[in-house]
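In what follows, a single structure is set out as structure tokens and then discussed.
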Amino acid sequence: MSSEHPAPAQHAHGHNNRPDPELYRTEPVSFVRRGERLNPRRQKTWDRSHGKYIVDVPRDRATTSVAEGTDIDWGQVFGRTAPLVVDIGSGLGESTAQGAIDHPEWDFISVEVYTPGLAALLVRVEDEGLENVRGVQANAPEVLDRLLPAGGVQEIWVFFPDPWHKTRHHKRRLVSPAFADRVARALAPGGVLRLATDWSSYAVHMRSAMEAHPQLANAHPGRATGEDSPLTRVRLEGRELEVGAQPIAPRTGSARAGVSEASSGAGLEDPVDHEGGWAPRFEGRPLTSFENKALRAGRLVFDLTYVRL
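Note that my numbering has the sequence shown beginning at 64, numbered continuously upward.
So this is what it looks like as structure tokens:
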């Protein structure tokens with residue numbers, strides 16, 4: 064978004080077009096601020112519609128923060144009481160818009176820090192005449208902590224979050240044990256968390272964090288193990304080597320028979336995924352240009368689904 068047309072939500076306690084101050088936060092954010100400039104159509108749509116569809120929230124010290132003590136009545140925002148779905152890191156809004164089209168009886172909250180992404184969503188909202196969508200421009204953990212009622216959300220979607228490949232950046236990953244706590248707080252009993260990533264290291268990280276939480280149960284325990292597991296395929300076929308596939312613990316001795324050194328490395332532990340738990344592809348997730356790019360690059364997509372006990 065251009066500096067001449069700042070969003071009202073960015074006026075308080077922040078600095079437009081500058082990185083958010085993070086020192087006051089207890090954990091690093093999972094994003095880096097990018098360019099906010101909009102193309103002409105998105106700019107016109109933003110100017111016309113953001114006041115209706117983007118929820119202005121009180122800020123703390125950063126433009127993407129949510130002030131403590133914030134209380135939003137989502138029934139009043141949407142003008143009705145309906146199941147809430149929260150799409151976190153919604154990008155250009157494809158999944159939010161498709162969900163709203165498929166389920167007009169549900170209300171959808173798109174959580175995104177990038178103005179161009181929210182502006183693209185508003186274009187879709189206007190084109191489709193959607194009234195069951197609202198956007199929030201804020202840091203997702205603070206939205207989960209401060210904007211959502213405990214047990215008030217039916218589904219939470221996190222599709223293709225930034226994987227933060229480098230080990231020193233893993234602390235920035237959105238999905239973590241702390242995130243699992245936040246999800247468990249926000250979801251209603253029987254509510255659903257849907258995750259997707261195209262990077263095996265993050266997929267295993269997601270699975271470990273969610274499986275460890277006592278209030279979240281895998282909806283597909285043991286599914287897609289062994290040769291049917293996308294994780295096994297990534298390891299055996301040598302995918303993701305340009306950034307490093309999900310690592311296999313070293314052991315003494317030679318590589319497993321039938322696994323090439325190029326794909327698994329000599330002297331590595333069993334590359335077969337015996338745990339599984341991968342969900343089938345969520346039919347409500349549209350095939351975006353982002354996912355298509357990952358598939359063309361030879362990466363596999365990992366879906367996970369968890370139910371709040």
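Just so you know, even glycine gets a beta-carbon here, dropped at the ideal spot from N, CA and C. Given the structure is predicted, the values throughout are model-derived calculations rather than measurements.
So, Leu184 versus His113, is the Cβ gap smaller than 8 Å?
Contact: no.
What residues in its chain sit with their C-beta under 6 Å from that of Arg209, if we drop five residues either side in the sequence?
So the qualifying residues of the chain are Val129 and Thr133.
Would you give the residue range spanned by the beta strand (DSSP E) that Asp173 belongs to?
One point to set straight first is that residue 173 is Ser, not Asp, in the sequence displayed. According to the DSSP assignment, Ser173 belongs to the beta strand (DSSP E) that extends over Asp170 to Val174.
Just checking my contact of Ile117 with Gly198 at CB under 8 Å: how many whole Å lie between their CB atoms?
Going by Cβ atoms, the distance from Ile117 to Gly198 rounds to 5 Å, so yes, they are a contact pair.
Taking His228 as the reference, which of Leu256, Trp262 and Arg286 has the closest Cα?
Ranking the options by Cα distance to His228, first place goes to Trp262.
For Arg348, collect the residues of the same chain with a Cβ closer than 7 Å to its Cβ; drop the 5 residues on either side in sequence, then sort them by chain order.
Same-chain partners within the cutoff: Ser158, Phe222 and Ala259.
State the start and end residues of the unbroken alpha helix (DSSP H) segment that holds Arg245.
Residue range Pro240 to Ala249 is occupied by the alpha helix (DSSP H) that includes Arg245.
So is His268 buried or exposed if we call it buried at 16+ other beta carbons inside 10 Å?
Classification of His268: buried, given that the 10 Å Cβ count is 16 or more.
I'd like the span of the beta strand (DSSP E) that includes Thr368, first residue to last.
Per DSSP, Thr368 belongs to the beta strand (DSSP E) from Phe365 to Arg371.
Roughly how many angstroms separate the alpha carbons of Gly156 and Pro277, rounded to a whole number?
Their Cα atoms are separated by approximately 31 Å.
Ile135 - DSSP class collapsed to helix/strand/coil
Here Ile135 carries a coil assignment [DSSP, helix/strand/coil].
For Trp262, write down the residues that DSSP places opposite it in a beta bridge.
The bridge partners DSSP lists for Trp262 come to none.
According to DSSP, what are the bridge partners of Ala130?
For Ala130, which the question treats as bridged, DSSP gives no partner whatsoever.
Quick one, are the C-beta atoms of Leu279 and Ala249 less than 8 Å apart?
No; because the gap between Cβ atoms is not below 8 Å, this pair is not in contact.
Shortest alpha-carbon distance to Asp165 belongs to which of Gly180, Ala182, Asn195 and Thr178?
Ranking the options by Cα distance to Asp165, first place goes to Asn195.
Can you tell me whether DSSP reads Ala70 as helix, strand or coil?
With a pLDDT of only 35 at Ala70, under the threshold of 50, the placement of this residue in the model should not be trusted; the figure read from the coordinates follows. Looking at Ala70 - three-state DSSP - the assignment turns out to be coil, as it is neither helix nor strand.
Who are the Cβ neighbours of Ser292 in its own chain at under 6 Å, not counting the five residues just before and after it?
These residues qualify, in order along the chain: Asp336 and Gly339.
Within 10 Å of its beta-carbon, does Glu67 have 16 or more other beta-carbons around it, so buried, or fewer, so exposed?
Note on Glu67: pLDDT 30, under 50, position unreliable in the model; no value is reported.
Cut-off 8 Å between Cβ atoms - residues of its own chain near Val364, not counting five sequence neighbours on either side
Around Val364: Ala259, Thr260, Asp261, Pro293, Arg344, Glu354, Ala357 and Leu358.
Alpha carbon of Ala182 to alpha carbon of Glu191, nearest angstrom
Going by the C-alpha atoms only, they are around 14 Å apart.
Is it true that the CB of Gly254 sits closer than 8 Å to the CB of Gln205?
Rather than Gln, the amino acid found at residue 205 in this sequence is Glu. Contact: no.
Give the secondary structure of Phe223 by DSSP, where H, G and I count as helix, E and B as strand, and everything else as coil.
Of the three classes helix, strand and coil, the one that applies to Phe223 here is coil, per DSSP.
Taking only three categories from DSSP, how would you classify Val140?
Note: Val140 maps to helix in three-state DSSP.
DSSP three-state label for Val148, please.
Looking at Val148 - three-state DSSP - the assignment turns out to be strand.
Among Glu99, Glu346 and Ala266, nearest to Leu367 - alpha-carbon criterion:
The shortest Cα separation from Leu367 among Glu99, Glu346 and Ala266 belongs to Ala266.
Is it buried or exposed, Gly162, if we count other Cβ atoms within 10 angstroms and call 16 or more buried?
The residue is buried, with at least 16 neighbouring Cβ atoms inside 10 Å.
Over the uninterrupted alpha helix (DSSP H) stretch that includes Arg104, give me the two end residues.
Its alpha helix (DSSP H) spans residues Pro103 to Tyr116.
Check Leu237 in the structure and name its three-state DSSP category.
Collapsing the DSSP output to three states places Leu237 in coil.
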